[in-house]
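Worksheet: the structure to be examined is printed underneath.
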DNA sequence: GTCTATAATGGGATAGAC
DNA sequence: GTCTATCCCATTATAGAC
């Protein structure tokens with residue numbers, strides 16, 4: 001038991017507390033938006049004073065950026081390295097859709113905070129998106145295009161195909177409120193996500209299947 | 001020239017000014033969110049004092065609700081009565097996708113304000129969505145289901161098919177910032193929208209075509 | 001690291017003259 | 001209808017005791 005272990009314990013404890021704060025913050029930011037969120041609200045739901053919270057995150061913007069960083073970390077951990085041009089296109093697309101829908105189901109607040117930032121023009125986080133998201137997206141598109149060049153996928157517009165997959169899967173987190181109103185229930189269920197996965201997969205596979213390429 | 005015409009001219013002028021204010025407000029709300037928007041900002045871009053703006057809209061919330069009402073009016077004017085079960089499914093779907101993409105292209109701010117409201121849980125406008133949007137959506141879904149029952153459309157999940165069409169078409173307004181980063185340009189072009197329309201139409205038509213029903 | 005106290009700002013809303 | 005002036009409150013952020 002040296003001072004070194006005590007110090008590292010302190011650091012670990014700080015990391016844990018910061019993570020707890022960020023977890024609560026993502027929920028409030030998703031429900032109220034950046035400007036609509038007060039750090040006092042977040043602190044209160046954690047049973048802590050807002051001054052204490054500001055000891056860990058000196059500014060509201062710092063907390064917001066931490067939240068977005070966490071969102072991106074979790075998203076990239078799940079989505080990076082899924083699109084492998086060596087694998088079978090149909091299996092990769094299945095897995096891609098499944099992973100994106102799972103993220104929407106398990107991290108709806110993360111998805112919403114990110115969506116709001118993008119809708120508002122990504123004024124604060126655009127640079128990070130350019131650095132961390134865009135390269136991954138381009139890699140996915142190139143994977144699609146290679147499959148097309150190799151004749152393993154119907155010649156569709158790879159960029160817009162990816163946009164379509166994104167939009168369809170993300171909407172189950174972002175627009176849940178509206179979907180729930182249409183379905184006349186409080187929230188989406190596991191069954192809704194399973195049905196969504198089935199339809200989206202069918203749509204995408206029908207699109208990339210050679211015989212469907214001449215449609216429309 | 002009676003006082004009556006003068007009064008009606010006054011009313012007309014008031015209507016015109018309110019519409020001008022709402023038009024500017026939808027842009028600012030879309031870029032900054034509800035709480036992030038100050039009425040002083042809107043007033044300033046119109047060259048008017050905020051007190052003067054508040055003569056027309058006594059509260060910020062009243063202005064916001066007016067903006068959402070306008071958004072819904074414009075959207076319903078374009079989208080209502082498109083899904084006609086008597087028509088050919090493929091032609092209706094084509095027109096539906098085209099109309100939704102056109103709305104995204106011509107009214108991006110309207111789309112974004114609406115999206116932000118829904119993402120935040122539709123806390124302020126949920127009742128209006130239930131009354132004005134949900135019935136229309138249900139009618140569209142029923143149209144799809146009738147086509148399926150009549151064997152004119154492959155037996156897919158009609159509700160999720162509509163969710164998918166919505167998500168894909170709306171994303172070109174809501175997530176333009178991210179798409180522009182991927183495409184490495186300042187904003188989406190007419191060509192992007194045309195390519196999107198082609199792919200989305202191909203996807204939907206491939207999905208509702210009988211032979212594709214057994215996919216996935 | 002947590003507390004009390006307080007500065008400093010911004011913004012929604014109102015009152016009243018003209 | 002438009003202006004000047006002002007109130008009031010919420011919120012971010014800081015200072016300093018313990």
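Protein chains in written order, with UniProt numbering: chain A, 1 to 216; chain B, 1 to 216. Built from N, CA and C at the ideal position, the CB exists for glycine as well.
A Cβ-Cβ distance of about 23 angstroms is found for the pair residue 208/A and residue 178/B, leaving them out of contact under the 8 angstroms criterion. Put simply, the segment 165 to 179 of chain A touches the segment 193 to 206 of chain A. At least three CB pairs are less than 8 angstroms apart. Taken atom to atom, the span from the alpha-carbon of residue 42/A to that of residue 30/A is near 12 angstroms. For residue 48/A, there is no enclosing alpha helix (DSSP H), as DSSP gives it neither H nor E.
A contact is defined here as three or more CB-CB pairs under 8 angstroms, and the segment 99 to 107 of chain B fails this definition with respect to the segment 137 to 153 of chain B. Listed along chain A, no residue sits closer than 9 angstroms to residue 104/B by beta-carbon distance, the nearest being about 11 angstroms off. The DSSP-derived three-state label of residue 142/B is helix.
The DSSP assignment places complete alpha helix (DSSP H) segments of no fewer than 4 residues inside the UniProt domain "HTH tetR-type" (15 to 75) of chain A at 39 to 45, 50 to 56, in order along the chain. By the beta-carbon neighbour count (other beta carbons within 10 angstroms, threshold 16), residue 24/B is buried. Runs of alpha helix (DSSP H) with 4 or more residues, each lying fully within the segment 74 to 115 of chain B, are found at 89 to 106, listed in chain order.
In the DSSP assignment, residue 172/A falls within the alpha helix (DSSP H) that extends over 158 to 174.
Between the segment 110 to 126 of chain B and the segment 65 to 84 of chain B, the count of Cβ pairs shorter than 8 angstroms is three or higher; the stretches touch.
Cβ neighbours of residue 113/B within its own chain (closer than 8 angstroms, five residues either side excluded): 26, 29, 30, 67, 68, 71. Taken atom to atom, the span from the alpha-carbon of residue 138/A to that of residue 98/A is near 20 angstroms. In this structure, DSSP gives residue 184/B a state outside helix and strand, which the three-state scheme calls coil. Inter-residue distance for residue 44/B and residue 54/B is about 13 angstroms (C-alpha atoms, whole angstroms).
Residues of the segment 199 to 210 of chain A with a Cβ closer than 8 angstroms to any Cβ of chain B, in chain order: 199, 200, 201, 202, 203, 204, 205, 206, 207, 209. One Cα belongs to residue 84/B, the other to residue 39/B, and the distance between them is close to 42 angstroms. Put simply, the CB of residue 69/A is far from chain B, with every gap to its CB atoms at 9 angstroms or more. If you draw a 10 Å sphere on the C-beta of residue 81/A, you find fewer than 16 other C-beta atoms in it, and that means exposed.
Chain order gives the chain A residues near residue 115/B as 119, where near means a beta carbon separation below 7 angstroms. Burial state of residue 150/B is exposed, judged by a 10 Å Cβ sphere holding fewer than 16 other Cβ atoms.
With fewer than 16 neighbouring CB atoms inside 10 Å of its own CB, residue 189/A falls in the exposed class.
At a beta-carbon threshold of 7 angstroms, the residues of chain A lying near residue 129/B are 178, 181, ordered along the chain. Look at residue 166/A: its C-beta is under 9 angstroms from a C-beta on chain B. For residue 198/B, the enclosing alpha helix (DSSP H) stretches over residues 190 to 208. When DSSP states are grouped into helix, strand and coil, residue 126/B belongs to the helix group.
Pairing residue 152/B with residue 153/A, the inter-Cα distance amounts to about 28 angstroms.
Close CB contacts of residue 115/B within its chain, under the 6 angstroms cut and outside five residues either way in sequence, are with 174 (chain order).
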